[in-house]
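Numbering (this note's numbering), first residue to last: 41 to 302.
Shown next, in the form of C-alpha cells:
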C-alpha cells in the first residue's frame, strides 16, 4: 500500500519543525509506523521568517534520504516547500527558486496568511498561476481565519480551480473542536481533496495519517480512498478530478482565534 504525505516539516534544522537529524529520523520512523510510504518535505519558504531556497532543499533532501537508508527507515522523501503567498511569488517562480509538489511543476503547495485571504490572490496571483498551468494546493484551509469567517472564499477558490490539503490533526481534534467541525464541513461540501500530516514534532504535531483516513472511511469509504489517491496524483503531477463543490452553510459558531489582519 502507498500512503503519500504531501506536507511535513521533518527536514532537519530548516524551520520550526525538526531541529536536528536525530529528531528527524525519529519522526520519519513514526511516520512509517503510521503507514506513510512517501513524503514531500515542505519547509516554510517566503513566510517572513524562513527562506529555504530550492537548491538548498534539494541538497538537504538528498542528505536526509541517505540517512534514512543508512538507518533502515523505509521512507521515500521528495524535496518541496510550503510556499507562503506574497507579492513576490511570481518573481520567485521566474527565478527558479520554487519547488512544486511534482517534478512537472504543476502543483504548488501554497500557504495563505493565517489571518486572512488577501484580495490580490484571486485578482492577480491566481489568474497568472493558471495562465502558467500551475494549480495551487491550498494547505490547511480549515485553520485560515479568513476562511473560517467567510467559507465562501474557499468555495470560490475551489470552483475556480484550486485544490486543498486538509491536516489530519485538524480532523482528529488536535486543534480544537471547532476546527474539527469546520474540517468536516469542508469535507461534506466537497471542498477537500486530501489529508497531509503537517508534522512538526512527536507531541502535538505528528503524522496521524492512518487515523484520519480511518475516520474519513467511516464517514465515506469511497471518499477516503479518493483522498489517498489524490495525494499520489498530485505527487506524480497527474490530473485530479474536480468535484461538484457546495457552499458551506453559515457557521453557527464563532472561532475564538481571531486576530487583527496584518
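Think of the CB as a built atom: it goes at the ideal place given N, C-alpha and C, for glycine as much as any other residue.
Which residue's Cα is closest to the Cα of residue i: the options?
i, options, result
"residue 129", "118, 116, 91", "91"
"residue 50", "97, 256, 43", "97"
"residue 218", "144, 162, 112, 183", "183"
"residue 236", "54, 177, 88", "177"
"residue 121", "283, 254, 238, 258", "238"
"residue 156", "144, 164, 181", "181"
"residue 152", "88, 110, 212", "88"
"residue 82", "140, 103, 260", "140"
"residue 72", "94, 101, 55, 42", "42"
"residue 202", "279, 79, 107, 189", "279"
"residue 286", "273, 172, 199", "199"
"residue 262", "56, 75, 230", "230"
"residue 150", "167, 162, 179", "179"
"residue 47", "69, 74, 79, 75", "79"
"residue 74", "242, 258, 273", "242"
With a 10 Å radius around its C-beta and 16 neighbouring C-beta atoms as the bar for buried, classify residue i as buried or exposed.
i, result
"residue 210", "buried"
"residue 44", "buried"
"residue 112", "exposed"
"residue 282", "exposed"
"residue 222", "buried"
"residue 169", "buried"
"residue 146", "buried"
"residue 109", "exposed"
"residue 167", "exposed"
Give the DSSP bridge partners of residue i, in chain order.
i, result
"residue 176", "148"
"residue 70", "DSSP lists no partner for residue 70."
"residue 207", "236"
"residue 116", "78"
"residue 63", "DSSP, once it has assigned bridges, lists no residue as partnering residue 63."
"residue 84", "122"
"residue 44", "78"
Looking only at its chain, what residues have a beta carbon closer than 6 Å to the beta carbon of residue i, apart from the 5 residues adjacent to it on each side?
i, result
"residue 234", "205, 267, 270, 271"
"residue 232", "204, 206, 226"
"residue 56", "none"
"residue 84", "55, 90, 122"
"residue 208", "235, 237, 248, 249, 252"
Sorted by chain position, which residues of the same chain lie with C-beta nearer than 7 Å to residue i's C-beta, five sequence neighbours on each side aside?
i, result
"residue 300", "Bear in mind that a pLDDT of 34 at residue 300, under 50, signals an unreliable position, so the model cannot answer this."
"residue 53", "59, 60"
"residue 126", "86"
"residue 214", "244"
"residue 254", "none"
"residue 143", "277"
"residue 137", "93, 94"
"residue 224", "none"
"residue 228", "none"
"residue 289", "none"
"residue 257", "264"
Leaving aside the five residues before and after residue i along the sequence, list all residues of the same chain whose C-beta is less than 8 Å from its C-beta, in chain order.
i, result
"residue 160", "127"
"residue 193", "157, 186, 187"
"residue 212", "220, 248, 251, 252, 255"
"residue 148", "123, 138, 140, 141, 169, 174, 175, 176, 177"
Is it the case that the CB of residue i approaches a heavy atom of the ligand ZN more closely than 7 Å?
i, result
"residue 125", "Among the ligands in the structure shown, none appear at all, so the ligand ZN cannot be discussed."
Self-check item: Inter-stretch contact (C-beta, 8 Å, three-pair minimum) for the stretch 58 to 74 and the stretch 118 to 132
Solution: no
Practice problem: Could you tell me whether the stretch 114 to 125 touches the stretch 242 to 249, where touching means 3 or more Cβ pairs closer than 8 Å? | Solution: no
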